[in-house]
Amino acid sequence: MTVRRSTCFFAILAGLIPVVFALCLLTGSAGIPDLGTVTGHAILRMRLYRTLAALVVGSGLAASGTVLQALLRNPLAEPYVLGISSGGALGAATAILMGLGMVSVFAVPIAAFVGATLTLTLVYLLAGEQGIPSVHQLILSGVIVGAVVSSVLMFLISIAPTRGIHNIMWWMLGDLTVTSRPLLWAAMALTGTGLIVTWTLSQSFNAMTLGRDMAHHLGVRTGRTLLLGLAMATLMAAAAVSLAGIIGFVGLVVPHTVRRIIGPDHRRLIPGAALSGGLFLALCDTAARTIMAPRELPVGVMTALLGGPFFLAVLRRNRERGPLT
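Residues 40 to 364 in the working numbering are what the sequence shown spells out, letter by letter.
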């Protein structure tokens with residue numbers, strides 16, 4: 040039954056891909072682009088890159104959330120829990136205030152990537168001070184480090200000039216505008232690498248959801264799986280943050296919803312969540328561009344508006360039916 044449901048689910052996603060692409064390319068504040076003009080071609084090309092960015096970022100965030108939920112055995116886990124997103128935001132804000140964005144278009148994304156990576160490294164070192172960290176130590180360290188990093192970020196915002204505040208806030212609300220094609224290709228390559236590696240670890244993730252001791256008895260090298268899984272989740276989340284800024288709820292809502300549909304087997308869950316996350320974010324971005332045209336909403340606001348109430352409804356339904364799976 041689960042296999043049949045998974046087959047139908049992936050068939051539906053495959054059918055939705057061209058529909059979503061057409062919707063994203065043909066809708067927006069400028070309307071349907073006129074391909075007979077140079078301006079129309081420019082608009083279509085911009086929307087194409089933006090749609091690709093949405094697919095890459097959404098896939099990376101959803102897959103990252105899926106991996107973290109498996110490793111931490113917590114259906115509410117996502118990159119925010121371990122401070123990954125906060126670290127990326129701090130790195131980007133520092134680069135913006137230092138004016139590095141005027142030097143190179145890669146400066147802010149690289150700073151965000153470095154910030155996210157260093158934050159996870161600090162969390163892992165603090166949690167594993169006396170050996171391999173436990174799930175509870177990782178979550179506790181992540182919350183503490185995330186809170187400290189967020190405080191430093193608020194301090195930087197409080198002393199920033201007006202222009203710097205505007206740039207930081209817009210970046211923190213999420214923006215899928217592609218300012219550099221090489222950056223898009225790099226994020227795509229990093230996200231693809233993370234997806235491939237995490238999918239090869241699917242069986243180990245299935246065992247890890249039973250607990251570290253049980254996974255160890257099943258022959259899983261739990262320390263290696265935990266470290267590699269956290270590294271790949273950080274890689275995908277950092278790539279997403281470096282390309283589009285802070286976009287919440289994708290890594291929280293999408294994996295949980297897909298898990299309820301096709302089951303907890305990570306051999307199907309990881310690709311299913313990645314595809315669903317990409318399509319979800321592409322639709323959110325299209326709505327953000329059209330709902331208040333010609334003004335444009337930050338895509339992070341749209342994901343929060345859609346994801347927040349939806350996830351509350353899911354939590355309420357699960358409270359009535361039983362614990363989260």
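Beta carbons are placed, not taken as given, at the ideal position from N, Cα and C, and that holds for glycine. Values in this document were obtained by computation on a predicted structure and should not be read as measured data.
Under the DSSP assignment, PHE152 falls in the alpha helix (DSSP H) whose first and last residues are 146 to 166. When THR66, GLY99, HIS80 and LEU62 are compared, the shortest CA-CA separation from THR230 is found for GLY99.
The stretch 111 to 130 makes no contact with the stretch 315 to 329: fewer than 3 CB pairs, one atom from each, lie closer than 8 Å. Per DSSP, the unbroken alpha helix (DSSP H) holding ARG328 starts and ends at 305 to 329.
With respect to LEU269, LEU195 sits apart: the two C-beta atoms are not nearer than 9 Å. When the Cα atoms are used, LEU215 and HIS255 turn out to be separated by approximately 41 Å.
By the C-beta density criterion, MET141 is exposed, having fewer than 16 other C-beta atoms within 10 angstroms. DSSP places PHE288 outside both helix and strand once states are collapsed to three, so it counts as coil. Here DSSP, grouped into helix, strand and coil, assigns SER143 to coil.
Cβ-Cβ distances below 6 Å link SER243 to VAL259 and THR264 in the same chain, with the five nearest sequence neighbours on each side left out; the list follows chain order. In this structure, the beta-carbon distance from VAL144 to SER219 falls below 9 Å. When DSSP states are grouped into helix, strand and coil, GLY258 belongs to the coil group. Residue range 201 to 211 is occupied by the alpha helix (DSSP H) that includes ASN206. Between VAL188 and THR158, the beta carbon gap of about 6 Å places them in contact (Cβ cut-off 8 Å).
ARG44 has its alpha-carbon roughly 12 Å from the corresponding atom of ARG298. For TYR88, the secondary structure class from DSSP, reduced to helix, strand or coil, is helix. Counting along the chain, the unbroken alpha helix (DSSP H) around ASN245 starts and ends at 241 to 247. Taking the Cβ atoms as the reference, ALA272 lies roughly 4 Å from SER103, within the contact range of under 8 Å. Judged by DSSP secondary structure, ALA131 falls within the alpha helix (DSSP H) whose first and last residues are 123 to 136. With contacts defined by Cβ atoms closer than 9 Å, ARG112 and THR248 form a contacting pair. Annotation for ALA166: PRO172, GLN176, LEU177 and SER180 place their beta carbon closer than 7 Å to its own, counting only its chain and skipping 5 residues before and after.
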